[in-house]
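Following my numbering, the residues of the sequence shown are numbered contiguously, the last one being 305.
Glycine included, C-beta positions come from ideal geometry on N, C-alpha and C.
Notes for the one structure printed next.
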Amino acid sequence: MNKLGKLTLGLALALGLSACGSNDANESTNKGTEDKAQTEVSDTIKIGVVGEKNEVWDEVIKRYEEGTGKKAELVKFSDYAQPNEALISGDIDVNSYQHYKFLNEFNDEQGEEKVVSIGDTMLAPLGFYSNQIKSLDDLKDGDRIAISNDPSNGPRALFLLQSAGIIKVKGEPGESITLDDITENPKNLEFIEMDPAQTARSLDDVVAAAINDNFALDSGLSPKEDAIYLEDPEDPDAKIYVNVIAARAEDKDNEAYKELVKYYQTDETKRDYDKYTNGAWIASW
Numbered sequence: 021m022n023k024l025g026k027l028t029l030g031l032a033l034a035l036g037l038s039a040c041g042s043n044d045a046n047e048s049t050n051k052g053t054e055d056k057a058q059t060e061v062s063d064t065i066k067i068g069v070v071g072e073k074n075e076v077w078d079e080v081i082k083r084y085e086e087g088t089g090k091k092a093e094l095v096k097f098s099d100y101a102q103p104n105e106a107l108i109s110g111d112i113d114v115n116s117y118q119h120y121k122f123l124n125e126f127n128d129e130q131g132e133e134k135v136v137s138i139g140d141t142m143l144a145p146l147g148f149y150s151n152q153i154k155s156l157d158d159l160k161d162g163d164r165i166a167i168s169n170d171p172s173n174g175p176r177a178l179f180l181l182q183s184a185g186i187i188k189v190k191g192e193p194g195e196s197i198t199l200d201d202i203t204e205n206p207k208n209l210e211f212i213e214m215d216p217a218q219t220a221r222s223l224d225d226v227v228a229a230a231i232n233d234n235f236a237l238d239s240g241l242s243p244k245e246d247a248i249y250l251e252d253p254e255d256p257d258a259k260i261y262v263n264v265i266a267a268r269a270e271d272k273d274n275e276a277y278k279e280l281v282k283y284y285q286t287d288e289t290k291r292d293y294d295k296y297t298n299g300a301w302i303a304s305w
């Protein structure tokens, strides 16, 4: 081989080795980045909740982290519309805020079962509250009543008023009725539908309001002490309102999420219910 040929061959080998080294380094770097991203996703379970008072979950997370060495954190939302969408988009891993009726109706709207229950938590009775009256029997002709505008808790409030003997409606408990299904309203009550997060704030503007427990607790209200009428947790019709921990349908058998559920469904959590909600929440597992 002449001198020029040797030089060309040497350059080619050098460039080839350099290129191989560069590819290996890039592959190693990319793999490291991917592994890091996967670790960041799997190391911390993100739990979507609604409202600010989440002491029960704070205690569960503390026990979970101490027992497993893994991490979990709460992602707080201000209304009921957000956590399922965040779950589907992958912004959170599980959520804990909805009951079976809300979950079923969400999936019906999606046209498929995108979100599923992976564990029951508790029943939180819906209550009517008032700054003006002590009993629903004290309602007067034309009084304004605030109820939720979502298709699960709005009907729930109407059925609760029927159980109190205030109105009569067409349909069976658990069905998605509307104001048009009120068949008897002897006191000509005016119903104001609003976002569930606003019901507690409406108490100065209406005579009574149906307020979900998390928003009642956030507002400093005690369901057992302050509600003027409270859902009966022993009523079989109330079972559809049992709350759940939910995950994406494809993650229903995810072992990490199942482990989190086990740390929730404990006697310690039952004691936390009594401690932080004054017994308003009833364990349902």
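Between the region 157-170 and the region 286-294 there are fewer than three C-beta pairs closer than 8 Å, too few to call the two in contact. Leaving aside the five residues that flank Ser196 on each side, the residues in its chain whose CB is nearer than 8 Å to its CB run, in chain order, Glu125, Pro171, Ser172, Pro175.
Classified as exposed, Pro206 has fewer than 16 neighbouring CB atoms from the shown chains inside 10 Å of its CB. Under the rule that a run must span 3 or more residues, the beta strand (DSSP E) segments found entirely inside the region 196-220 read 202-204, 210-214.
With contacts defined by Cβ atoms closer than 8 Å, Val227 and Gln152 form a contacting pair.
In this structure, the straight-line span from the alpha carbon of Arg83 to that of Thr203 is close to 50 Å. About 10 Å separates the Cβ atoms of Tyr284 and Ile138, ruling out a contact at the 8 Å cut-off. DSSP lists Lys66 as the beta-bridge partner residues of Glu93.
In the three-state reduction of the DSSP assignment, Ile165 falls in the strand class. Taking 8 Å as the cut-off, the Cβ atoms of Ile248 and Leu143 do not count as close. For Thr286, there is no enclosing alpha helix (DSSP H), as DSSP marks it with neither H nor E. Assignment of Asp99 by DSSP, reduced to helix, strand and coil, places it in the coil class. Between the region 98-105 and the region 235-243 there are fewer than three inter-stretch CB-CB distances shorter than 8 Å, so the stretches are not counted as touching. In the displayed model, Lys154 falls within coil according to three-state DSSP, outside both helix and strand.
Note on the region 232-274: whole alpha helix (DSSP H) runs with a minimum of 4 residues are 233-238, 243-246, in chain order.
Here Lys188 is bridged, per DSSP, to Glu204. The distance from the Cβ of Ala217 to that of Ser98 is about 6 Å, consistent with a contact at the 8 Å cut-off.
Distance check between Gly191 and each of Ser116, Arg221, Asp257 places Asp257 closest, using alpha-carbon atoms only. Contact between Ala230 and Leu180 holds: CB atoms are separated by about 7 Å, below the 8 Å threshold. In this structure, the beta-carbon distance from Ile67 to Leu94 falls below 8 Å. Under the three-state reduction of DSSP output, Gly174 falls in the helix class.
In the structure shown, the three-state DSSP call for Asp225 is coil.
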